[in-house]
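*Asks:* Residue numbers for the sequence shown follow this note's numbering, beginning at 10 and rising by one.
Note that the Cβ used here is the ideal one computed from N, Cα and C, for glycine as well.
Model, not experiment: these values are computed from the prediction.
First the structure, then my questions, so here it is.
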Amino acid sequence: MSGADTRHPFAALGTDSPEELFGKLSTPCYIIDERQLRRNGEILAGVASRTGCRILLAQKAFSNYDLYPVLAPFLAGTEASGLYEARLGAEEMQDREVHVFCAAYREDEFTELLQYADHIVFNSPRQLERFGPAAKSAGKSIGLRVNPECSTQDGHAIYDPCSPGSRLGTTRSQWDASMTPSLLSLLDGLHFHTLCEQDADALKTTLAAVEESFGDILPHMKWLNMGGGHHITRPGYDIQCLEDCIIYAAKKWDVQVYLEPGEACALNAGYLAAHVLDVLQNRDTAIAVLDASAACHMPDVLEMPYIPPLYGADKPGNAAYTYRLAGPTCLAGDIIGDYSFAGPLHENDLLLFGDMAIYTTCKNNTFNGMPLPAIYAIDQNKKIRLLAQFDYLNFKRRLGSLR
Ligand SMILES: Cc1ncc(COP(=O)(O)O)c(C=O)c1O
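This is the structure:
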């Protein structure tokens, strides 16, 4: 399929080693790779131009706004989870669409939210009833998130909005119990988000479930937002199947299709550089303690959980020296993963984790008083620039008064 991707997580480094590129930076630090972002953008723009769909950046995954100008030429706008992200999208990706979905909006924020968002998606008929009329009279396009009750993720309930008892999205029985003709008349679109790092076959299954539950409503809608979780820029993703789904929906119900991927926009477009602080042996386990923490700097490693790619390393046992890489915090489980290396690790060795642009800088924390890593960008000429750095006051001011 044209536009399919074959990059590995460190492809953009080319023949330069992490030491050559990042050896002078103080660690831990994130480095966002503009070239990889642009390539993701090109793939997404290809889908949009072949299908007519509009693609938004889900800022919950990636909100390093200094890099929005890199993605903006390829996207229709941003998607927000609430007031602050909506404002960020409006400020930093100007003249583009700003969509917002929140499981429940607040009275004291809603008027301000109307300044930033042009598409507002409600989670329940009650929220639609409460805030829909004000949004409508402010000229906004209004949607309702539906829940097609179709789980396509096995054993991953934390990321499955269709798991039993979910609060996310209106099921058909909730719809039947609460929707009235006047509420329906407020609606311009439907929204569903059910996937997480999935291929397009899961979208196809989900779309059939949406059609089964809401196929009678869709012909009355102007748009259908298919949410995020589409791993479009992952090597091997079935782009043709995605495009077939989009074209099917657009033709069948005469709707503008939206996608709002987060991961796919910034997949493999960032690194976390770290140094080894200490090397230990506990019986059979060799351990390297790093200046980067899974719990603080890559929280999804523990939450998903997953083991991030590491430059020059292999799976445990494949190469001669296997180490458990762990963070410096008090948390026993602050473990990034087990990896093997051709040679032994030493204090001050530089390590480079891949795929660190998504769900990292927007989700990190200062547990244990860990400093927040600085954020750099590397451009296509491998020029590095500092975007942000943090100090003691960034830690302290979240905890109390600055007397
Ligand atoms: C409503 C909604 N849209 C979009 C996304 C982005 O998902 P992803 O980053 O997996 O593409 C999420 C992620 O949780 C979401 O909840």
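In the DSSP output, what is Phe131 paired with across the bridge?
*Replies:* Here residue 131 refers to the residue found at position 122 when the sequence shown is read from its first residue. Answer is Leu153.
*Asks:* Within the continuous alpha helix (DSSP H) that includes Phe31, where are the two ends?
*Replies:* Position 22 of the sequence shown holds residue 31. Residues Pro27 to Phe31.
*Asks:* Quick one: grab the DSSP three-state call for Ile167.
*Replies:* Against the sequence shown, residue 167 aligns to sequence position 158. Three-state result, Ile167: helix.
*Asks:* Spatial neighbours of Asp263 within its chain, please: C-beta separation below 8 Å, excluding the five flanking residues on both sides.
*Replies:* Locating residue 263 in the sequence shown gives position 254, where the first residue counts as 1. So the list reads Pro228, once near-sequence residues are dropped.
*Asks:* Does the beta carbon of Ala335 fall short of 7 Å from some heavy atom of ligand 1?
*Replies:* In the sequence shown, residue 335 corresponds to position 326, counting from 1. No, Cβ of Ala335 sits at least 7 Å from all heavy atoms of ligand 1.
*Asks:* With distance defined between alpha-carbon atoms, name the residue in Thr375, Met365 and Asp163 nearest to Ile345.
*Replies:* Position 336 of the sequence shown, counted from the start, is the residue given in the question as residue 345. The residue with the shortest Cα to Cα distance from Ile345 is Met365.
*Asks:* Does ligand 1 have even one heavy atom less than 7 Å from the beta-carbon of Ala273?
*Replies:* Translated into positions along the sequence shown, residue 273 becomes position 264. Checking the Cβ of Ala273 against ligand 1 gives yes.
*Asks:* Under 7 Å from any heavy atom of ligand 2, does the C-beta of His202 make it?
*Replies:* Inclusion of ligand 2 in the displayed structure is not the case, the ligand content consisting of ligand 1 alone.
*Asks:* Output the distance between the C-alpha atoms of Asp210 and Cys159, rounded to the nearest integer angstrom.
*Replies:* Position 201 of the sequence shown holds residue 210. Position 150 of the sequence shown holds residue 159. Between Asp210 and Cys159, the C-alpha separation is close to 13 Å.
*Asks:* Would the C-beta of Cys339 count as close to ligand 1, meaning under 7 Å from any of its heavy atoms?
*Replies:* Within the sequence shown, the letter at position 330 stands for residue 339. No; taking the cut-off as 7 Å, the Cβ of Cys339 has no heavy atom of ligand 1 nearer than that.
*Asks:* Mind checking which residues open and close the alpha helix (DSSP H) that includes Cys274?
*Replies:* Taking the first residue of the sequence shown as position 1, residue 274 is located at position 265. Per DSSP, Cys274 belongs to the alpha helix (DSSP H) from Glu272 to Ala275.
*Asks:* When burial is assigned at 16 or more other CB atoms within 10 Å of the CB, is Thr120 buried or exposed?
*Replies:* The residue given as residue 120 occupies position 111 in the sequence shown. That one is exposed.
*Asks:* DSSP three-state label for Lys392, please.
*Replies:* For the purposes of this step, residue 392 is identified with residue 383 of the sequence shown, where counting begins at 1. Coil.
*Asks:* Could you pull the start and end residues of the beta strand (DSSP E) that Tyr330 belongs to?
*Replies:* The residue labelled residue 330 in the question sits at position 321 within the sequence shown. Per DSSP, Tyr330 belongs to the beta strand (DSSP E) from Tyr330 to Ala335.
*Asks:* Return the bridge partner residues of Tyr385 from the DSSP annotation.
*Replies:* Translated into the one-based positions of the sequence shown, residue 385 becomes position 376. Answer by DSSP bridge pairing, in chain order: Ile40 and Leu395.
*Asks:* Residues bridged to Phe350 by DSSP?
*Replies:* Walking along the sequence shown from the start, residue 350 turns up at place 341. Per DSSP, Tyr330.
*Asks:* Leaving out five residues before and five after Glu51 in sequence, what residues of the same chain have Cβ atoms less than 7 Å from its Cβ?
*Replies:* For the purposes of this step, residue 51 is taken as residue 42 along the sequence shown, with counting starting at 1. Phe83, listed in sequence order.
*Asks:* Going by C-alpha to C-alpha distance, which of Tyr385, Ile241 and Gly409 sits closest to Gly279?
*Replies:* Position 270 of the sequence shown, counted from the start, is the residue given in the question as residue 279. Here the closest residue by C-alpha is Tyr385.
*Asks:* Nearest-angstrom Cα distance between Met230 and Leu196?
*Replies:* Numbered from its first residue, the sequence shown carries residue 230 at position 221. Numbered from its first residue, the sequence shown carries residue 196 at position 187. Whole-angstrom Cα-Cα distance: 7 Å.
*Asks:* Which two residues bound the contiguous beta strand (DSSP E) that contains Glu106?
*Replies:* Taking the first residue of the sequence shown as position 1, residue 106 is located at position 97. Taken as a continuous stretch (DSSP letters only), the beta strand (DSSP E) holding Glu106 covers Glu106 to Phe110.
*Asks:* The alpha helix (DSSP H) spanning Ile296 covers which residue range?
*Replies:* Locating residue 296 in the sequence shown gives position 287, counting from the first residue. Unbroken run through Ile296 is the beta strand (DSSP E), Thr294 to Leu299; no alpha helix (DSSP H).
*Asks:* Can Leu46 and Ala282 be called in contact, C-beta distance under 8 Å?
*Replies:* For the purposes of this step, residue 46 is taken as residue 37 along the sequence shown, with counting starting at 1. For the purposes of this step, residue 282 is taken as residue 273 along the sequence shown, with counting starting at 1. The answer is no: Cβ separation not under 8 Å.
*Asks:* If you drop the 5 nearest sequence neighbours on each side, which residues of the same chain put their C-beta closer than 7 Å to that of Pro18?
*Replies:* Reading the sequence shown from its first residue, position 9 is the one you call residue 18. Closer than 7 Å at Cβ, skipping near neighbours: Asn277, Pro318, Gly363 and Asp364.
*Asks:* By a C-beta neighbour count over all protein chains shown, 10 Å radius and 16 as the cutoff for buried, is Ser11 buried or exposed?
*Replies:* By one-based count along the sequence shown, residue 11 stands at place 2. Low local confidence applies: a pLDDT of 42 at Ser11 is under 50, so the model's placement there is unreliable, and no value is given.
*Asks:* Determine the contact status of Thr375 and Phe404, defining contact as a CB-CB distance below 8 Å.
*Replies:* By 1-based counting over the sequence shown, the position of residue 375 is 366. By 1-based counting over the sequence shown, the position of residue 404 is 395. Going by C-beta atoms, Thr375 is nearer than 8 Å to Phe404.
*Asks:* If you count every other CB in all the chains shown that lies within 10 Å of the CB of Ser72, and 16 or more means buried, which is it?
*Replies:* Position 63 of the sequence shown, counted from the first residue, corresponds to residue 72. Looking at its Cβ environment, which holds 16 or more other Cβ atoms inside 10 Å, Ser72 is buried.
*Asks:* Alpha carbon to alpha carbon, what distance is there between Val288 and Asn357?
*Replies:* Numbered from 1 along the sequence shown, position 348 holds the residue referred to as residue 357. Numbered from 1 along the sequence shown, position 279 holds the residue referred to as residue 288. Distance between the alpha carbons of Asn357 and Val288: 10 Å.
*Asks:* What did DSSP end up calling Leu340 once you bin it into helix, strand or coil?
*Replies:* Indexing the sequence shown from 1 puts residue 340 at position 331. DSSP places Leu340 in coil when its eight states are reduced to three.
*Asks:* In three-state DSSP terms, what is Ala95?
*Replies:* Numbered from its first residue, the sequence shown carries residue 95 at position 86. If DSSP states are grouped into helix, strand and coil, Ala95 belongs with the helices.
*Asks:* Ser194: which of Leu216, Gly152, Gln265 and Gly326 sits nearest, CA to CA?
*Replies:* As a working note, residue 194 is residue 185 in the sequence shown. The residue with the shortest Cα to Cα distance from Ser194 is Gly152.
*Asks:* Label Asn390 either buried or exposed according to how many other C-beta atoms from any shown protein chain fall within 10 Å of its C-beta, with 16 as the threshold for buried.
*Replies:* Position 381 of the sequence shown, counting from 1, holds the residue named residue 390. Exposed, because fewer than 16 other Cβ atoms sit within 10 Å of the Cβ of Asn390.
*Asks:* Residues in the same chain with beta-carbon distance under 8 Å from Val310, minus the five sequence neighbours each way, listed in chain order, please.
*Replies:* Counting from one through the sequence shown, the residue named residue 310 turns up at place 301. Only Ala303, Ile316, Pro317, Ile345 and Gly346 meet the Cβ criterion.
*Asks:* Which residue marks the beginning of the alpha helix (DSSP H) containing Ala259, and which one marks its end?
*Replies:* The sequence position of residue 259 within the sequence shown is 250, counting from 1. Unbroken alpha helix (DSSP H) run through Ala259: Ile248 to Trp262.
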